[in-house]
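Counting from 1, position 171 in the sequence shown corresponds to residue 171 in the UniProt record's numbering; the numbering is continuous, with no gaps. Ideal Cβ placement from N, Cα and C applies to all residues, glycine included. Computed from a predicted structure; not experimentally measured. Notes for the one structure printed next.
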Amino acid sequence: MHRKGEDMETASLQYSTIGDIIRQYRNKADLTQSQLAGLSGVSTGYISKIETGEVERPSFNNIHSVALALHVPIDEIIKPYIELEHKFDVLFGILHEVVNIENTDLIVKVASACLHSKDMDSMDAIERLYHFVDQEMNSDSLKLALYDLIIRQSRGHGINKFVAKALLQKYLIERNDVTKLQSTYDSGRYVLHYVDFLSAEERVTLYYKLGVHAYHLRLFHESIELCSNNITEDIPVSLYKAESALIQHPQKLHVVPWSFDSVYLVVDLLFLFW
Numbered sequence: 001m002h003r004k005g006e007d008m009e010t011a012s013l014q015y016s017t018i019g020d021i022i023r024q025y026r027n028k029a030d031l032t033q034s035q036l037a038g039l040s041g042v043s044t045g046y047i048s049k050i051e052t053g054e055v056e057r058p059s060f061n062n063i064h065s066v067a068l069a070l071h072v073p074i075d076e077i078i079k080p081y082i083e084l085e086h087k088f089d090v091l092f093g094i095l096h097e098v099v100n101i102e103n104t105d106l107i108v109k110v111a112s113a114c115l116h117s118k119d120m121d122s123m124d125a126i127e128r129l130y131h132f133v134d135q136e137m138n139s140d141s142l143k144l145a146l147y148d149l150i151i152r153q154s155r156g157h158g159i160n161k162f163v164a165k166a167l168l169q170k171y172l173i174e175r176n177d178v179t180k181l182q183s184t185y186d187s188g189r190y191v192l193h194y195v196d197f198l199s200a201e202e203r204v205t206l207y208y209k210l211g212v213h214a215y216h217l218r219l220f221h222e223s224i225e226l227c228s229n230n231i232t233e234d235i236p237v238s239l240y241k242a243e244s245a246l247i248q249h250p251q252k253l254h255v256v257p258w259s260f261d262s263v264y265l266v267v268d269l270l271f272l273f274w
């Protein structure tokens with residue numbers, strides 16, 4: 001078991017490394033501390049304390065401002081923070097800073113540090129991260145990496161609600177790759193194991209998307225079965241619920257005679273709402 005003094009010594013060593021990095025880049029740029037202060041907006045005295053390791057826990061915002069002025073690669077200053085910083089809000093703020101850089105591994109490491117923060121309940125931390133990924137990220141590849149992280153951490157803590165939600169979002173992204181229809185359909189079917197942990201609206205989306213997916217794979221009976229689940233969902237009529245009702249019956253065109261016009265109508269609808 002580490003004593004407090006040992007932890008403080010480790011922290012000092014890590015943050016003095018940041019000070020060393022700042023000093024090395026400043027010397028390389030041939031800047032005085034005063035000149036760097038002018039470029040970064042951080043006071044000369046604070047820069048001096050960073051370089052000498054006098055500041056026990058430097059503010060990330062100040063470190064980031066200095067690093068930007070010196071063109072220090074962001075991963076060089078973030079790694080000490082995600083190893084030692086335990087406050088969720090600080091780590092979450094860092095995540096906002098790095099989310100737009102092209103470094104998925106670093107972003108996942110910061111997100112993982114958020115989920116291991118000491119001052120927030122695991123459920124709350126996972127929920128914050130999930131909503132951040134769902135609502136504020138645009139890169140599908142990055143979303144997939146972070147949903148994988150959420151799934152792992154949620155399983156580890158027995159939080160099936162977010163296992164289900166993250167699995168659903170993964171499926172909705174991956175199903176867009178039409179070259180992998182069968183494997184992504186299997187992934188979607190796997191979400192059904194967690195369907196009771198989804199909201200009614202999420203269940204409607206899953207059943208409808210899987211139903212259309214099954215249709216494209218010519219799994220007509222599975223398609224009917226999946227879409228029929230939506231008819232019984234106790235929610236106001238949604239587009240997906242209404243389309244499920246429409247699709248459920250015209251699919252019988254494969255077992256009973258239908259006109260060509262009906263066939264084309266159903267096929268057009270299935271492609272339209274893929």
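Coil, strand or helix - Asn100 by DSSP: coil
Own chain partners of Thr52 with C-beta closer than 7 angstroms, once the 5 adjacent residues on each side are dropped: Gly19
Cβ neighbour criterion (16 or more within 10 Å) applied to Gln251: Because the pLDDT at Gln251 is just 46, under 50, the model does not fix this residue reliably, and the point stays unresolved.
Cβ pair count under 8 angstroms reaching 3, the segment 213–221 against the segment 190–205: no
Cβ separation of Thr184 and Tyr194, assumed to be a contact under 8 angstroms, to the nearest whole Å: That pair is no contact at about 17 angstroms.
Buried/exposed call for Pro80, threshold 16 Cβ in 10 Å: buried
As assigned by DSSP and simplified to three states, the class of Pro58: coil
Straight-line Cα distance separating His213 from Ser238: With a pLDDT of 48 at Ser238, under the threshold of 50, the modelled position of this residue cannot be trusted; read the value that follows with caution. Cα to Cα, the separation comes out at about 19 angstroms.
Whole-angstrom C-beta distance between Val163 and Ile151, which should lie under 8 angstroms: 6 angstroms
N-terminal and C-terminal residue of the alpha helix (DSSP H) that Ile159 is part of: Counting along the chain, Ile159 falls outside any alpha helix (DSSP H), and DSSP gives it neither H nor E.
Euclidean distance between Cα positions of Lys109 and Leu95: 9 angstroms
Nonlocal neighbours in the same chain, by C-beta distance under 8 angstroms from Asp177, ignoring five residues either side: Thr184
Which of helix, strand or coil DSSP assigns to Pro80: helix
Backbone CA spacing between Pro73 and Ile21 [nearest angstrom]: 10 angstroms
Classification of Leu146 by the beta-carbon crowding that lies within 10 angstroms, buried from 16 upward: buried
Spatial neighbours of Leu246 in its chain, beta-carbon cut-off 6 angstroms, leaving aside the 5 residues before and after: Caution is warranted here: a pLDDT of 48 is assigned to Leu246, below 50, making its placement in the model unreliable, and no coordinate value can be reported.
Span of the alpha helix (DSSP H) around Glu51: 44–52
Beta-carbon gap between Leu115 and Ile126 smaller than 8 angstroms: yes
Pairwise C-alpha distance: Asp186 and Ile82: 36 angstroms
Distance between Glu225 and Phe197 (C-alpha atoms, nearest Å): 20 angstroms
Pick from Arg26, Ser43, Asn103, Arg23 that is closest to Ser139, judged by C-alpha positions: Asn103
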